[in-house]
Amino acid sequence: MNILQAVAQTLARVREKKPLVHHVTNYVTATDCANIALAAGASPVMAGEMAEVEDMASLASALVINIGTLTVQSVEAMIAAGKKAVELGIPVVFDPVGAGATRLRTRAAERIIREVRPSVIRGNMSEIKMLAGLDVRIKGVDSAADESDSAAVARDLAQRLDCVVAITGKRDIVAQGNNICRIDNGHVLLSAVTGTGCMTSTLAGCCCGALKDPFVGTAAGIAFMGIAGEIAQQSLKPGEGIGTFRVRLFDALWNMTPEIVLRYGKIS
Amino acid sequence: MNILQAVAQTLARVREKKPLVHHVTNYVTATDCANIALAAGASPVMAGEMAEVEDMASLASALVINIGTLTVQSVEAMIAAGKKAVELGIPVVFDPVGAGATRLRTRAAERIIREVRPSVIRGNMSEIKMLAGLDVRIKGVDSAADESDSAAVARDLAQRLDCVVAITGKRDIVAQGNNICRIDNGHVLLSAVTGTGCMTSTLAGCCCGALKDPFVGTAAGIAFMGIAGEIAQQSLKPGEGIGTFRVRLFDALWNMTPEIVLRYGKIS
Amino acid sequence: MNILQAVAQTLARVREKKPLVHHVTNYVTATDCANIALAAGASPVMAGEMAEVEDMASLASALVINIGTLTVQSVEAMIAAGKKAVELGIPVVFDPVGAGATRLRTRAAERIIREVRPSVIRGNMSEIKMLAGLDVRIKGVDSAADESDSAAVARDLAQRLDCVVAITGKRDIVAQGNNICRIDNGHVLLSAVTGTGCMTSTLAGCCCGALKDPFVGTAAGIAFMGIAGEIAQQSLKPGEGIGTFRVRLFDALWNMTPEIVLRYGKIS
Numbered sequence: 028m029n030i031l032q033a034v035a036q037t038l039a040r041v042r043e044k045k046p047l048v049h050h051v052t053n054y055v056t057a058t059d060c061a062n063i064a065l066a067a068g069a070s071p072v073m074a075g076e077m078a079e080v081e082d083m084a085s086l087a088s089a090l091v092i093n094i095g096t097l098t099v100q101s102v103e104a105m106i107a108a109g110k111k112a113v114e115l116g117i118p119v120v121f122d123p124v125g126a127g128a129t130r131l132r133t134r135a136a137e138r139i140i141r142e143v144r145p146s147v148i149r150g151n152m153s154e155i156k157m158l159a160g161l162d163v164r165i166k167g168v169d170s171a172a173d174e175s176d177s178a179a180v181a182r183d184l185a186q187r188l189d190c191v192v193a194i195t196g197k198r199d200i201v202a203q204g205n206n207i208c209r210i211d212n213g214h215v216l217l218s219a220v221t222g223t224g225c226m227t228s229t230l231a232g233c234c235c236g237a238l239k240d241p242f243v244g245t246a247a248g249i250a251f252m253g254i255a256g257e258i259a260q261q262s263l264k265p266g267e268g269i270g271t272f273r274v275r276l277f278d279a280l281w282n283m284t285p286e287i288v289l290r291y292g293k294i295s
Numbered sequence: 028m029n030i031l032q033a034v035a036q037t038l039a040r041v042r043e044k045k046p047l048v049h050h051v052t053n054y055v056t057a058t059d060c061a062n063i064a065l066a067a068g069a070s071p072v073m074a075g076e077m078a079e080v081e082d083m084a085s086l087a088s089a090l091v092i093n094i095g096t097l098t099v100q101s102v103e104a105m106i107a108a109g110k111k112a113v114e115l116g117i118p119v120v121f122d123p124v125g126a127g128a129t130r131l132r133t134r135a136a137e138r139i140i141r142e143v144r145p146s147v148i149r150g151n152m153s154e155i156k157m158l159a160g161l162d163v164r165i166k167g168v169d170s171a172a173d174e175s176d177s178a179a180v181a182r183d184l185a186q187r188l189d190c191v192v193a194i195t196g197k198r199d200i201v202a203q204g205n206n207i208c209r210i211d212n213g214h215v216l217l218s219a220v221t222g223t224g225c226m227t228s229t230l231a232g233c234c235c236g237a238l239k240d241p242f243v244g245t246a247a248g249i250a251f252m253g254i255a256g257e258i259a260q261q262s263l264k265p266g267e268g269i270g271t272f273r274v275r276l277f278d279a280l281w282n283m284t285p286e287i288v289l290r291y292g293k294i295s
Numbered sequence: 028m029n030i031l032q033a034v035a036q037t038l039a040r041v042r043e044k045k046p047l048v049h050h051v052t053n054y055v056t057a058t059d060c061a062n063i064a065l066a067a068g069a070s071p072v073m074a075g076e077m078a079e080v081e082d083m084a085s086l087a088s089a090l091v092i093n094i095g096t097l098t099v100q101s102v103e104a105m106i107a108a109g110k111k112a113v114e115l116g117i118p119v120v121f122d123p124v125g126a127g128a129t130r131l132r133t134r135a136a137e138r139i140i141r142e143v144r145p146s147v148i149r150g151n152m153s154e155i156k157m158l159a160g161l162d163v164r165i166k167g168v169d170s171a172a173d174e175s176d177s178a179a180v181a182r183d184l185a186q187r188l189d190c191v192v193a194i195t196g197k198r199d200i201v202a203q204g205n206n207i208c209r210i211d212n213g214h215v216l217l218s219a220v221t222g223t224g225c226m227t228s229t230l231a232g233c234c235c236g237a238l239k240d241p242f243v244g245t246a247a248g249i250a251f252m253g254i255a256g257e258i259a260q261q262s263l264k265p266g267e268g269i270g271t272f273r274v275r276l277f278d279a280l281w282n283m284t285p286e287i288v289l290r291y292g293k294i295s
């Protein structure tokens, strides 16, 4: 079975298992992340209070940690949830939103990686370069970095941290050990909607919660979002724009089948 | 006037009175709750800071308390707001999201019920069974409980707590004293959109804020959501899915009239 | 160049400069504010933690402060972010959501104005009258005030505080010094969607971040929202309602051009 076939089958696995995916995440994209997880067939729960994150993580099939609107307190809850999940063998997907933009974000991302040891790190080129200790220009939470060396950067960090590292951008890269997967799905409109990065991490969490292999799970989550973006864009009629595109993303994921993934998927 | 007629008239009352509905609620579904309240003709306000919840509750026609993303601090604010509302005779709708999933949620729900004594409790079967002290399987914030005995469970808890208890699921039940109302509206797609439970509690709050009778108000809020779900589903064209369905829910409630409620309502 | 031409050119400037607009804002409308900023061509970032707001504000082209779901802590972060922005010459747009509804909101608004000295204050008639020390009836976060004297109220407060003051309502007013601008765009449906006020402040922030003139920038942000509302309303077909209207708002802003602004704009 090649990687495209494995990715396509992952969709069926998510729908079959309906994994509970615990999120400690931001308030800007939480609704969208919950709805994309439901559209994929998973069962999302958002819970970030220190007094319950360990209990909630214990019930979950996967944990997604996202620092989009982090607070000093929420970072502690992220670490507690993450440690509990790792202790119980539950995959942890980490989205280092805006790492590099402020010292708080950079330090929080570094601490989470060091103390939790997530299974998957997914970010844009700026965020991943920052975590890799490379020189980088940051502009808020959007990437401004050159993407030409993304495969090398991802592989290097993945090997150093012994986890899956994914860089999403024009071309998406997923790296683990010596494995590299390239995904050429997606559409530029995805970068004009807030939360498409967060939703990609959520989908990676849903997929990692449904099967044992975080490399395939991460590739699947990224591919599903990219394909949904293409289908949503193709459906747009004159006069429609980013508002309709955003609605159609959820439609596309809801109607997605393994066959559609096989037909649209550009994964190698 | 039968219950269906009373429910239909409630919609006209909400549009006429435009009740201010104060929410102490979660950040995942707050936008959707605000928009569904506006679509129903009410005026929502979200305010959860301890230092203002009593002031805000004092201005309101109804209070909705929702523990979807509770914190240790927010529970105190919920209780303060709830006590103030009860003191002033303002109806309080309580949505015990995820009660049973974590100890924090279960204890918070129990405290809110004991200290506030809400007028209405609306949850899914898992949540209500947990509050009733019955054995139950919980999976995150979604119900996994058998629903066959929902009428007996709702009536028992309603009598014990001397309030309205509503269980929403395939069939919805509203109980108060010896009164039981069954609502068979709704569509399975509603469970594939985050926040439809929260929005149902919001609508119950809007209706309870517009008339004196919390039994009818709760039934009305539940019926409006169910009917909106049916209308939204019927409007879907091939290729559309959960994203479009969610948009149409708001359209359906916005365009709902007492006549539509009479035509679609399956309430007994 | 008249004010309408200046407003139309502002849209081109936003798309060209893609200003980073830092928000310290509420969790109810944050998603919508982020998406409307993206639809306008700006780059939004939401960050409200005290430990990072100064760093984030330093990167931004404009700062938007919104007290929609303020907390005692968040007000301190708003002030810290605002002071930093003013120190660096970055325009600050302040949206005093619900000022007058609770003592906390009124006091927070007064403190922010006194300690930050924002470049722009945008609110509804109730909020601005309250800040101007005038008698006013408040109902939650929606205005219940008479709008007939809005120009005089706006001009008086603008002169007293030496900033731009905007009152949005049926007719929108922007005042600075002796300058007054009236905008007659918009549609009543805008008041049936949560967050249209917040989004207007966000758009004012985007425009102020893209050009030197906060008077024109504020007028532009308000006009863009009003025109988007008109276009969205005109696109509605029978059976569609507030859900679809809300989606089309984002479409309309995404597809807006300086030519459309010139054609639709009712600015004097």
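Chains as they are written, first to last, in our numbering: chain D, 28 to 295; chain Z, 28 to 295; chain H, 28 to 295. The beta carbon of each residue, even a glycine, is placed where N, CA and C say it ideally should be.
Query: Three-pair Cβ contact test at 8 Å for the segment 152-159 of chain Z versus the segment 122-141 of chain Z; Result: yes
Query: Beta strand (DSSP E) segment containing aspartate 122 of chain H, residue limits; Result: 119-122
Query: Proximity test, Cβ basis, 9 Å: threonine 58 of chain H and chain D; Result: yes
Query: Residues of its chain near alanine 181 of chain Z, where Cβ-Cβ distance is below 6 Å and the 5 sequence neighbours each way are ignored; Result: Val192, Ile194, Ile200 and Ala202
Query: Within 8 Å of chain Z by C-beta, residues of the segment 65-76 of chain D in sequence order; Result: Leu65, Ala66, Ser70, Pro71, Val72, Met73, Ala74, Gly75 and Glu76
Query: Own chain partners of glycine 109 of chain D with C-beta closer than 7 Å, once the 5 adjacent residues on each side are dropped; Result: Leu90, Ile92, Val119, Ile139, Val143 and Pro145
Query: is_contact[phenylalanine 251 of chain D, chain Z] using C-beta, thresh 9 Å; Result: no
Query: Own chain residues within Cβ distance below 6 Å of alanine 255 of chain Z, not counting five before or after; Result: Leu276, Ala279 and Leu280
Query: Residues that DSSP places opposite histidine 50 of chain Z in a beta bridge; Result: Z:Met73 and Z:Val91
Query: Rounded straight-line distance, which links the Cα of proline 71 of chain Z to that of alanine 61 of chain Z; Result: 5 Å
Query: Closest residue to alanine 185 of chain H among H:Ala69, H:Thr245 and H:Cys225 (Cα-Cα distance); Result: H:Thr245
Query: Threonine 221 of chain H (DSSP reduced to helix, strand or coil); Result: coil
Query: Spatially closest choice to alanine 107 of chain H from H:Pro123, H:Val51, H:Gly68 and H:Ile269, by CA coordinates; Result: H:Val51
Query: Under 9 Å (Cβ pairs) to chain Z, residues found in the segment 84-97 of chain H; Result: Gly95, Thr96 and Leu97
Query: With 16 other Cβ atoms within 10 Å as the buried cut-off, status of serine 295 of chain D; Result: exposed
Query: Leucine 97 of chain D vs glutamate 79 of chain H beta-carbon contact at 9 Å; Result: yes
Query: Any chain Z beta carbon closer than 9 Å to arginine 42 of chain D; Result: no
Query: Chain H within 9 Å of threonine 52 of chain D, Cβ atoms only; Result: no
Query: Residues of its chain near arginine 198 of chain D, where Cβ-Cβ distance is below 8 Å and the 5 sequence neighbours each way are ignored; Result: Glu174, Ser177, Arg209, Ile210 and Asp211
Query: Chain H contact residues for threonine 284 of chain D, given Cβ-Cβ distances below 8 Å; Result: Within 8 Å Cβ-Cβ: nothing; threonine 284 of chain D doesn't reach chain H, min ~25 Å.
Query: Within 9 Å of chain Z by C-beta, residues of the segment 114-131 of chain H in sequence order; Result: Gly125, Ala128, Thr129, Arg130 and Leu131
Query: Cα-Cα separation, glycine 25 of chain H to glutamate 114 of chain D; Result: The structure shown does not extend to residue 25 of chain H, since chain H is modelled only from 28 through 295, so no value can be given for it.
Query: Leucine 238 of chain D versus glutamine 32 of chain D: straight-line alpha-carbon distance, rounded; Result: 14 Å
Query: Below-9 Å beta-carbon distance, serine 262 of chain Z vs any chain H residue; Result: yes
Query: Serine 88 of chain D versus glutamate 76 of chain H: straight-line alpha-carbon distance, rounded; Result: 30 Å
Query: Cβ pair glycine 253 of chain H, glycine 213 of chain H closer than 9 Å; Result: yes
Query: Distance between valine 220 of chain D and aspartate 122 of chain Z (C-alpha atoms, nearest Å); Result: 31 Å
Query: Buried versus exposed, by CB contacts within 10 Å (16 or more), lysine 45 of chain Z; Result: buried
Query: Assigned exposure category for glycine 268 of chain D - 16 Cβ within 10 Å defines buried; Result: buried
Query: Option in Z:Asn29, Z:Arg40 and Z:Ile30 with minimal Cα separation from cysteine 234 of chain Z; Result: Z:Arg40
Query: Closer than 9 Å to chain Z by CB, glutamate 137 of chain D; Result: no
Query: Within chain D, partners of alanine 61 of chain H - CB distance below 7 Å; Result: Val55 and Thr221
Query: Unbroken beta strand (DSSP E) run spanning valine 201 of chain Z, endpoints; Result: 199-203
Query: Closest Cα partner of alanine 67 of chain D within the set D:Ile30, D:Ala104, D:Tyr54 and D:Thr37; Result: D:Thr37
Query: Buried/exposed call for alanine 179 of chain Z, threshold 16 Cβ in 10 Å; Result: exposed
Query: CA nearest to the CA of methionine 105 of chain D, picked from D:Asn151, D:His49, D:Ala57 and D:Val55; Result: D:His49
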